[in-house]
Amino acid sequence: MAAVSLLRRLCAALAFAIIAASFTLPALADVTSTGVTSAAVTSAASRVTKRANEARRLLPSAKARQLGETASVAAGNWTGADTTSHSGCTDSSGDTSSSGDTSSSGDTNGGDGGSNGSSGADVAAILEEHNKARQEVGVPDLAWDEGLALAAQQWAAELASNGCNLEHGGADGLGQNLYWKAPVQLNSAEDRAAVQSWVAEKEDWTYSAVPEGCADGKQCGHYTQVVWRDTTHVGCAAAQCADGGGMWVCDYSPQGNMIGSTPY
9 MAAVSLLRRL
19 CAALAFAIIA
29 ASFTLPALAD
39 VTSTGVTSAA
49 VTSAASRVTK
59 RANEARRLLP
69 SAKARQLGET
79 ASVAAGNWTG
89 ADTTSHSGCT
99 DSSGDTSSSG
109 DTSSSGDTNG
119 GDGGSNGSSG
129 ADVAAILEEH
139 NKARQEVGVP
149 DLAWDEGLAL
159 AAQQWAAELA
169 SNGCNLEHGG
179 ADGLGQNLYW
189 KAPVQLNSAE
199 DRAAVQSWVA
209 EKEDWTYSAV
219 PEGCADGKQC
229 GHYTQVVWRD
239 TTHVGCAAAQ
249 CADGGGMWVC
259 DYSPQGNMIG
269 STPY
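All residue numbers for the sequence shown refer to our numbering, where the first residue is 9 and numbers rise by one.
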């Protein structure tokens, strides 16, 4: 009887193993299938992200033209010691106009006519807005740098020739703020407005080490780059977008928004 009982248990174990295998093999097939699907989803997600970025730019612009209003965008993210991100990187579109010229904020000077650098930007207006914010927190004024202005102009032109999407780039090791607005004419008053939009983030920021201190759902990195104590030089440019918008780029050296450090 013991032998029969043992034989029955062995048969039952064998049957269970066969049944388990029948479930395991499809499961493995599902994993393989999921892997293929994940790759496809990743590719699709990349395309969707690209389209979303384009939509973010075009929809406000289209609506602004339709309603006769003005839409503006300033975007950025925190940066670490080895990256250029929320340090003053503000993504906006930049440009070479349809004729191929690079319009740097100052093709036409409106408002207060300040002196223009090689980038066409109103140097006096841009420096005044930056340094006003810096003086409020007791850090030294920034000085204008033509090399940085040239780098900003080149990146603004690059953005303008590629749809004026908000994307950081250009020279490595610099802080960068971007600003996009539509419809707009490039002039001194708009140069000021670009910097003022970054400084306005101060309302959402509480003094702290980067990347802490920013209110939920808000951006503060443009402001903290503007007032970053160790940053000493700035250069800016603007370009006209094909859709009538404008892209402003400011590059900063040394870059700010170092993770774990305070602005001042």
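Just so you know, even glycine gets a beta-carbon here, dropped at the ideal spot from N, CA and C. These figures come from a predicted structure and were not determined experimentally.
Grouping DSSP H, G and I as helix and E and B as strand, with all else coil, what is residue i?
i, result
"Tyr272", "coil"
"Tyr260", "strand"
"Gln248", "strand"
"Gln227", "coil"
"Val192", "coil"
"Val235", "coil"
"Val207", "helix"
"His138", "helix"
"Ala197", "helix"
"Leu174", "coil"
"Val242", "strand"
"Gly155", "helix"
"Leu167", "helix"
"Asp130", "strand"
"Tyr215", "coil"
Could you tell me if residue i is buried or exposed, where buried requires 16 or more neighbouring beta carbons within 10 angstroms of its beta carbon?
i, result
"Val235", "buried"
"Ala208", "exposed"
"Asp199", "buried"
"Gly181", "exposed"
"Glu166", "buried"
"Asn170", "exposed"
Rounded to whole angstroms, what is the Cα-Cα separation between residue i and residue j?
i, j, result
"Asn265", "Leu156", "18 Å"
"Val145", "Tyr272", "8 Å"
"Asp224", "Cys249", "31 Å"
"Gln233", "Glu137", "13 Å"
"Tyr260", "Trp188", "18 Å"
"Cys172", "Met255", "7 Å"
"Gln143", "Leu135", "12 Å"
"Ala141", "Asp251", "32 Å"
"Gly221", "Thr270", "10 Å"
"Trp206", "Ala133", "14 Å"
"His241", "Asn185", "13 Å"
"Asp212", "Ala190", "24 Å"
"Arg237", "Gln227", "19 Å"
"Pro262", "Val147", "14 Å"
"Ala63", "His176", "At Ala63, the pLDDT of 40 sits below 50, so the modelled position is not reliable; the number obtained from the coordinates is stated separately. Their backbone Cα atoms lie some 18 Å apart in a straight line."
"Ser216", "Gln204", "21 Å"
"Ala164", "Lys210", "25 Å"
"Leu194", "Tyr231", "22 Å"
"Leu174", "Cys258", "13 Å"
Checking 8 Å against the spacing of the C-beta atoms, do residue i and residue j come in under that value?
i, j, result
"Gly183", "Thr239", "yes"
"Gly243", "Ala168", "no"
"Ser196", "Asp130", "yes"
"Val192", "Gly253", "yes"
Within a Cβ cutoff of 6 Å, which residues of the same chain sit near residue i, ignoring the five residues on either side of it in sequence?
i, result
"Ala202", "Tyr187, Trp256"
Does the CB of residue i have a neighbour CB from chain B at under 8 Å?
i, result
"Val145", "Considering every chain present, this structure includes no chain B. It has just one protein chain."
Report all residues from its chain with a CB closer than 8 Å to the CB of residue i; omit the five preceding and five following residues, and keep chain order.
i, result
"Asn139", "Asp149, Leu150"
Output needed for residue i: all residues of its chain with C-beta closer than 7 Å, excluding positions within five of it in sequence on either side, in chain order.
i, result
"Thr214", "Gly221"
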